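Peer 1: Position one of the sequence shown corresponds to residue 1 (UniProt numbering), numbered consecutively onward.
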Amino acid sequence: MSFEEAQSPITPLAYRPSEAAKLINISRSLLYRLMAEGEIPTFMVAGCRLISRRAIEEYISTREQTGQQAA
1 MSFEEAQSPI
11 TPLAYRPSEA
21 AKLINISRSL
31 LYRLMAEGEI
41 PTFMVAGCRL
51 ISRRAIEEYI
61 STREQTGQQA
71 A
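(1) Under the three-state reduction of DSSP, which class applies to Leu23: helix, strand or coil?
(2) Which residues in the same chain have their Cβ closer than 7 Å to the Cβ of Ser18, if we skip the five residues on either side of it in sequence?
(3) Determine the DSSP secondary structure at Ala14, reduced to helix, strand or coil.
(4) Rounded to whole angstroms, what is the Cα-Cα separation between Thr42 and Ile10?
(5) Less than 8 Å separating the beta-carbons of Leu23 and Tyr32?
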């Protein structure tokens with residue numbers, strides 16, 4: 001591992017719901033509602049519910065394009 005690699009932060013590919021809510025600046029309860037409604041897809045790994053970075057980016061992109069507010 002080079003010095004640059006050791007110093008650069010690793011960007012997660014997936015987030016736990018509480019992390020994702022903080023990332024997009026919404027409440028956890030709103031995020032769980034969006035997950036339940038299928039607005040933000042999730043998946044399970046070893047019993048942990050995760051949200052991919054791509055799913056978060058797509059959700060934000062769709063909201064930006066349509067001008068919609070969160071549910």
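Beta carbons: idealized from backbone N, C-alpha and C, even for Gly. A quick note: this is a predicted structure, and the numbers were derived from the prediction, not measured.
Peer 2: Well, looking at it:
(1) It is helical.
(2) Residues Arg28 of the same chain have their beta carbon placed closer than 7 Å to that of Ser18, with the five preceding and five following residues left out of the count.
(3) Correct three-state label for Ala14: strand.
(4) Using only the alpha carbons, I get a separation of about 21 Å.
(5) Cβ atoms of Leu23 and Tyr32: not closer than 8 Å.
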